[in-house]
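Working notes for the structure below.
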Amino acid sequence: MDLLGISLLVYDVTRRESFTNLSEVWAKEVKLYSTNEDCIKMLVGNKVDRDSERAVTREEGLALAEENGCLFFECSAKTRENVKQCFEKLALKILEVPSLLEEGSTVVVKRKILQQKQEHQIAAGGRCCS
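Counting the sequence shown from 1 gives a position; the numbering used here is that position plus 11.
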């Protein structure tokens, strides 16, 4: 749940049950088990392309995000609406949190492992990305 100091909580705006489960269970679990004081939390409402089927209002999502100290976005994975902006905001927020970028932090260690893997693939004649 707390991956690299980041918690991404996603619910389906067309399913009240997914929002209720998130607000009553998952948001509390993040608070309880987060191992990083500087954990960046983002609440994302998905499937905004299906607005006529919406069961959770934007205002409800925003209120839950504020209550839990989360960034908030609504997006559509299907149409890609706001997906890029969501991850750009998350990346910028990571850069604002010094503890996530300190030497020895999980983020830095994972980044070094990925860089070494890419360098090894390139040296072996492979590509670094698919």
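We put the beta carbon where it would ideally sit given N, CA and C, even for glycine. Every value quoted in this text rests on a predicted model; they were computed, and no experiment measured them.
State the start and end residues of the unbroken alpha helix (DSSP H) segment that holds residue i.
i, result
"Ser29", "27-32"
"Glu40", "38-44"
Pull the bridge partners of residue i from the DSSP assignment, please.
i, result
"Lys52", "Ser18"
"Asn57", "Asp23"
Taking the continuous beta strand (DSSP E) assigned at residue i, which residues delimit it?
i, result
"Glu85", "82-85"
Count the other CB atoms, across all protein chains shown, that sit within 10 Å of the CB of residue i; report buried if there are 16 or more and exposed otherwise.
i, result
"Ser34", "buried"
"Leu43", "exposed"
"Val120", "Per-residue confidence for Val120 stands at a pLDDT of 47, beneath the threshold of 50, marking its modelled position as unreliable; the derived number appears in the next sentence. Exposed is the call here."
"Leu32", "For the sequence presented, residue 32 should be read as Asn rather than Leu. Flag for Asn32 reads exposed."
"Gly16", "buried"
"Gly80", "exposed"
"Leu75", "buried"
"Lys58", "buried"
"Thr25", "buried"
"Val36", "exposed"
Can you tell me whether residue i is helix, strand or coil according to DSSP?
i, result
"Ala88", "coil"
"Arg69", "helix"
"Val108", "coil"
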